[in-house]
Amino acid sequence: MIQVKTVFKRTPSLKNCPTHYCPGCGHGIAHRLIAETIDELGIRDRTIGIAPVGCAVLAYNYLDVDMVEVAHGRAPAVATGMKRTNPDKIVFSYQGDGDLAAIGTAEIIHAAHRAEQITVIFINNAVFGMTGGQMAPTTVLGQVTATTQQGRDARSQGYPLQICELLAVLPGAIYVERCALSSVARIRQAKKAVKHAFELQATGTAGLALVELLSPCPTYWHTTPAKAMEWIETEMTKVFPLGCLKNVTRTP
Amino acid sequence: MCGNEALAEAAIIAGCDAYFGYPITPQNEITAYMSKRMSEEGRVFVQSESELAAINMVYGAAATGKRAMTSSSSPGISLMQEGISYLAGAELPAVVVNVMRGGPGLGNIAPSQGDYFQATRGGGHGDYRTIVLGPSSVQELVDCMPLAFDLADQYRMTVLILADGILGQMMEPIVLQKKPRRKLPAKDWALTGAKNREQNIVRSLWLQEGVLEQLNYKLQAKYRQVQKNEIICEQYAVEDAEIVVVAYGIAARIVRGAVAKARQEGIRAGWIRPVTLWPFPSEQIGKAADEFRMFLVVEMSCGQMVEDVKLAIAGKTPVLFYGRPGGGVPTVDEILDKIRQLTMPAKR
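For the record, the sequence lines run as chains A and B. So that you can map any letter, position 78 of the first sequence is 78 in this note's numbering, and since no number is skipped, the others follow by simple counting. So that you can map any letter, position 35 of the second sequence is 35 in this note's numbering, and since no number is skipped, the others follow by simple counting.
This is how it looks when you write it as structure tokens:
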């Protein structure tokens, strides 16, 4: 007789439904890490999530928590309004690189600067996904996108924007770590970081916690899912070095 | 207490849980007053990094079911239009105060009524409405705060209070009173954490074919309810009037003086003052035009509300306009002269 033992299953805060994400996309992994964290910390009934404008706008179709959809880039301001009026709730924003690093740069910097007690999961896939693969502030030099057809050229299109390095210098940002979703080992490290970013808020630590996840977008990197994972390792991590940039524990 | 401070205190009495704002003249007294009083009350005050952020902080607090407000002046209100459109799409209640100043552009810091179009037509994108209140005294400014919060909660809409630099700065004796609140629906849609219930989602994106169209019809039905139930309009001596002056806000205050003087001179003048600018009292104004009389619209702009008056009157009687833009404030005598000019030929 064969003994069947469950070794891996869907975590309760992740809904059982088909995905709209492309094959090889990193959003599904990132969603799971958040859902696992919420379930492990037992905070589902007091968590409010903020979906960005971008491919992950429908994050509430997968994450079974209270969620709000907001204007492009404004999530940290919305999170501020939520957390200030509901200090007992766990408020997190989930934002892509167009949302957080382009149109919402002012909001993320000032939320960090005010030491807002929120958790930010920042998905960096070096490209605008939903609108058709245009250049993002995080597009690496030489990368071909819909709006850098000859490859990103620093002379006319500037340099990739390093958000973690920018935020880490602000006293109001208490935890800043960059991880990648490019291998099992990397994903395990990313899980630890995501969980820590939520734990800090759950334990009432004052300040903003941000985890940047380098995430594959095979569709607009014009490559295969497997090669997209390799590209994160070989190219993206050169521009966006992995690791914890800041981890300060401060009581309110 | 100046108008700005008075309205801030009235908002606190009305149960405002959170205030978010960014400095801009001529409404800075609101932000300063709130920074002190809201913390005294153990409520939320945040000075935001921009008006864009302020309106989105309001959006966040409103999504969790709290009573939230912001205030600004014309250029700042322009920046908030994106957020106001999202509030409309997500059907979130919010109160926004615009202490209008001269425009366009940076303009000046003098009182103006140049934002009527922006307020009543919706400066943001999409088919939506905001309720717009146009108080004309500090007392009325105070009285419209609890009304604004109640209307916002009842209809899940943005309520815009359209004041101006004079009302904001003016000092008048006021009575602050705790008015009985309307019976309001429970906020079972609010994001409070999915405890013993299904997840709540606050959203404005509807991609499936036909869904957004239906949502728009639903919004329009709600707006028709507001039009049916919430119009406020004052009028004086219209019955026998040969000329009716239509004005709102501080301009209506000046018009009142001019009409009183005209009456003393034997000119049969009256006035109509829309208090709700949207919904607009089209029926009342249209009815006043059933008998032939002249209409003069006075605004501190180049003529914006005059279009609504013309729509209401639909060509039945002549509608004339007198306005001062860019921070110009008409005097009682200026308006009286205009009334004299318009009624004189008829007398000859």
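Beta carbons are placed, not taken as given, at the ideal position from N, Cα and C, and that holds for glycine.
- State the start and end residues of the unbroken alpha helix (DSSP H) segment that holds MET38(B). 28-40
Under 8 Å Cβ-Cβ, which residues of chain B neighbour GLU199(A)? Near GLU199(A) there are no residues of chain B at all, since even the closest Cβ is about 17 Å away, more than 8 Å.
Query - Extent of the continuous alpha helix (DSSP H) to which LEU166(A) belongs - result: 163-168
Practice task
Reducing DSSP to helix, strand and coil, say where ILE267(B) ends up.
Solution key: coil
What do you reckon, are the CB atoms on ALA54(B) and ALA77(A) nearer than 9 Å?
yes
Determine, using beta-carbon pairs with one atom in the region 304-312 of chain B and one in the region 276-287 of chain B, whether at least three such pairs fall under 8 Å.
-> yes
Can you check whether the C-beta of MET34(B) is within less than 9 Å of a C-beta belonging to chain A? no
* Examine chain B for any beta-carbon lying closer than 9 Å to the beta-carbon of MET130(A), and answer yes or no. => no
I want to verify the contact list: residues of chain A whose CB lies under 8 Å from the CB of GLY76(B), in sequence order.
Simply none; closest approach about 14 Å.
Q) Counting Cβ pairs, one atom from each stretch, are 3 or more of them under 8 Å apart for the region 81-91 of chain B and the region 162-173 of chain B? A) no
### Query
My guess is that GLU235(A) and VAL120(A) are in contact by the Cβ rule of under 8 Å, so how many angstroms apart are they, rounded?
Their Cβ separation, rounded to whole angstroms, is 24 Å, which puts GLU235(A) and VAL120(A) out of contact at 8 Å.
For a quick check, are the C-beta atoms of VAL95(B) and ALA68(B) less than 9 Å apart? yes
Can you list the residues of chain A that ARG203(B) reaches, using a CB-CB cut of under 9 Å? ALA51, VAL57, TYR60, MET67, VAL68, GLU69
Checklist line | Opening and closing residue of the alpha helix (DSSP H) in which ALA226(A) lies | finding: 225-231
Check: Do you know whose CA, among ILE90(A), ALA75(A), ASP88(A), LEU242(A), lies nearest ALA101(A)'s CA?
Finding: ALA75(A)
Check: Can we say the region 9-25 of chain A touches the region 33-40 of chain A, given the rule of at least three CB pairs closer than 8 Å?
Finding: yes
GLN81(B) versus VAL53(A): straight-line alpha-carbon distance, rounded: 17 Å
inquiry  = Once DSSP output is grouped into helix, strand and coil, what is the label at MET170(B)?
reply    = coil
Legend entry - Contact set between GLU49(B) and chain A, taken where Cβ atoms lie within less than 7 Å: ALA106, HIS110
message: Given a cut-off of 9 Å on the beta-carbon distance, is the pair MET130(A) and VAL57(A) in contact?
response: yes
For this session: Examine the Cβ distances between the region 22-40 of chain B and the region 181-193 of chain B and report whether three or more of them are shorter than 8 Å.
Result: no
Of all the options GLY132(A), GLU116(A), THR205(A), PRO137(A), which has the alpha carbon lying nearest to the alpha carbon of ASN124(A)? PRO137(A)
Where do the ends of the beta strand (DSSP E) carrying GLU242(B) lie? Per DSSP, GLU242(B) belongs to no beta strand (DSSP E) and is neither H nor E.
- Best match in HIS125(B), ILE254(B), ILE109(B), ARG263(B) for proximity to VAL238(B) [C-alpha to C-alpha]: ARG263(B)
Query - TYR21(A) versus GLY102(B): straight-line alpha-carbon distance, rounded - result: 49 Å
At 7 Å on the CB atoms, spell out the chain B contacts of ALA79(A), in chain order. GLY60
(message) With a threshold of 9 Å between beta-carbons, can HIS27(A) be considered close to chain B, or not?
(response) no
Next item on the list: For ASN16(A), return the contacting residues in chain B, with the cut-off set at a CB-CB distance below 9 Å.
Entry: Per Cβ cutoff of 9 Å: no residues; ASN16(A) is ~14 Å from chain B at best.
I need the straight-line Cα distance from ALA197(A) to VAL211(A), nearest angstrom please. 7 Å
(request) Spatial neighbours of GLU51(B) within its chain, please: CB distance less than 6 Å, with the 5 preceding and 5 following residues excluded, ordered by chain position. (result) TYR22, SER72, GLY76, LEU79, MET80
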